[in-house]
DNA sequence: CAGAAAACGGAGGCATTTTCCATTTCTCTT
DNA sequence: AAGAGAAATGGAAAATGCCTCCGTTTTCTG
């Protein structure tokens, strides 16, 4: 149920290795934040004062580095999921969770892409956390289907994937109109409204 | 109203230039189809039997080449929009159009990304066709809002962006469950269903 | 057919990822 | 406290891909 992949605690790294690892991670977070997830790994290595080889030994792939850089945000996301659990109204709880998820996906520019990739690639360092996210989504969805108004034909996977899709669009469109709220609205209610009696015809 | 950017007809290209341009384009379509929009431009040039310089002279950027490679599909898309226009039911017409749009966006793997980029970048070679697509979407949406059941709070832009988001997800998830139909369903109806009386509470 | 203009192509500059290994640094034992 | 061996380092280099530049070749025109 935990989202952590590697706790910092007791690890048998040599002192210099640990120092370098931490340094790289800290710099990576800064670079991902300012240049998006595509930030140059060479730049990160240089800024951290280590050789490229060192970076790669600690984080064999961009995704591995990304996964490590996301741990704090993931912890925050988990905290928000706990808060959302406490919301009495099931629909509101689901909505709160989806909003938290959107915020998380905004941590770094371009994050939705590797997260989506991780959904299907078991091997990805982000995969574990992805499964957790889908599973949490599933919990909120199930509750909203039972107690609230969530459509019963929707699955947690679809919900999660849709959230990714929206996050991806918003990631790249930004201030294009009043888009964020609007898109989340389409997401929630669809573009068709079959509820009241047809306005015409 | 046309989607064409450069008609093949009378162009004052020298014979060898036209030959090369056509050749490059033909090969590019094949490569984009098999390797996605990220296909190596060097490979395309080599396969077309021309130097990299020649490719770049004819198509200054990947997007320009992509735009040219998409012309046939765009023509097909326009044709489908005409067909959809003929559908009596406004909702069904909108749905048919959105489906055609999805198919178009599946032409090459990864297409949604440059299309989304083109939505905001006036300069992009894909921008013109993008505007056309949004405008067509707008027509179908307006009709479905008047005659059918499309929610009046939704705009064509939001609809188009949502379609891009879905296409992007499906592009990378492919056979992940029964996803396609399901996602389009969430898109159409949302994940909440407020229509009938609340099932509980 | 010859000269001018147009087009060609591929070498080379640049950026980036990733590997490899000779050297350096740490740690643990004695 | 010293030194052997394991661990970690860093940066050179290979691989890939984008894109430009310019000496050479092809086409067109009169």
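Protein chains in written order, with the working numbering: chain A, 268 to 468; chain B, 268 to 468.
Think of the CB as a built atom: it goes at the ideal place given N, C-alpha and C, for glycine as much as any other residue.
Small disclaimer: the values here were computed from a predicted structure and weren't measured.
Sixteen is the threshold: since fewer than 16 other Cβ atoms of the shown chains lie within 10 Å of the Cβ of residue 309 of chain B, the residue is exposed. For chain B, none of the residues of the stretch 279 to 300 of chain A brings a beta carbon within less than 8 Å of one of its beta carbons. Remark: fewer than three beta-carbon pairs, one from each stretch, lie closer than 8 Å, so the stretch 328 to 346 of chain A and the stretch 419 to 439 of chain B are not flagged as touching.
The contact set of residue 435 of chain B on chain A, defined by CB atoms closer than 7 Å, consists of 432, 435 in chain order. Taking C-beta atoms as the reference points, residue 458 of chain A and residue 317 of chain B fail to come closer than 8 Å. Using a CB distance cut-off of 8 Å, residue 456 of chain A counts as an interface residue toward chain B.
Within a 10 Å sphere around the beta-carbon of residue 448 of chain B sit fewer than 16 other beta-carbons, which makes this residue exposed. The DSSP-derived three-state label of residue 428 of chain A is helix.
For residue 413 of chain A, the enclosing alpha helix (DSSP H) starts and ends at 394 to 413.
When the five nearest sequence neighbours on each side are left out, the beta carbons in the same chain lying within less than 8 Å of the beta carbon of residue 340 of chain A are those of 371, 374, in order along the chain. Excluding its 5 nearest sequence neighbours in each direction, residue 412 of chain B has C-beta neighbours in its own chain below 7 Å: 419, listed in chain order.
Residue 424 of chain B and residue 405 of chain B have their alpha carbons spaced roughly 8 Å apart. Spatial neighbours of residue 437 of chain A in its own chain (CB-CB distance under 7 Å, excluding positions within 5 residues in sequence) are listed in chain order as 446, 447, 450.
For a cut-off of 8 Å, the C-beta gap from residue 321 of chain A to residue 287 of chain A is around 6 Å, short enough to register as a contact. For residue 370 of chain B, none of the residues of chain A pass the 9 Å Cβ criterion, the least Cβ distance being about 17 Å. Residue-level contact by beta carbon fails for residue 353 of chain B and chain A, as no gap is shorter than 8 Å. Nearest CB-CB separation between residue 304 of chain A and chain B: not below the 8 Å threshold. Contact check for residue 427 of chain B against residue 453 of chain B fails: the beta carbons are separated by 8 Å or more. Interface annotation, residue 382 of chain B: not in contact with chain A, CB-CB separation never under 8 Å.
The Cβ of residue 440 of chain B sits closer than 8 Å to at least one Cβ of chain A. Excluding residues up to 5 positions away in sequence, 347, 350, 351, 354 lie with their Cβ nearer than 8 Å to the Cβ of residue 363 of chain B in the same chain. Within chain A, the residues 459 have their CB atoms less than 8 Å from the CB of residue 358 of chain B, given in chain order. Residues of chain B whose Cβ lies closer than 9 Å to the Cβ of residue 391 of chain A do not exist, since the nearest Cβ in that chain is about 13 Å away. If only complete runs of 4 or more residues are kept, the stretch 303 to 356 of chain B shows the alpha helix (DSSP H) at 308 to 315, 319 to 325, 329 to 336, 338 to 352, in order along the chain. Counting the other CB atoms within 10 Å of its CB gives residue 415 of chain B a total of 16 or more, which places it among the buried residues. Taking C-alpha positions only, residue 292 of chain B is separated from residue 369 of chain B by approximately 23 Å. Against chain A, the CB of residue 425 of chain B has a partner CB under 8 Å away; the residue lies at that interface. Under the three-state reduction of DSSP output, residue 390 of chain A falls in the coil class, being neither helix nor strand. Listed along the chain, the chain B residues whose CB falls inside 8 Å of the CB of residue 367 of chain A amount to none; the nearest CB is some 16 Å away. Taking C-beta atoms under 8 Å as the contact rule, residue 361 of chain A and residue 408 of chain A qualify, at a distance of about 6 Å. Ranked by Cα distance from residue 378 of chain B, the first of B:295, B:289, B:303 is B:303.
Within chain B, the residues 450, 453 have their CB atoms less than 7 Å from the CB of residue 429 of chain A, given in chain order.
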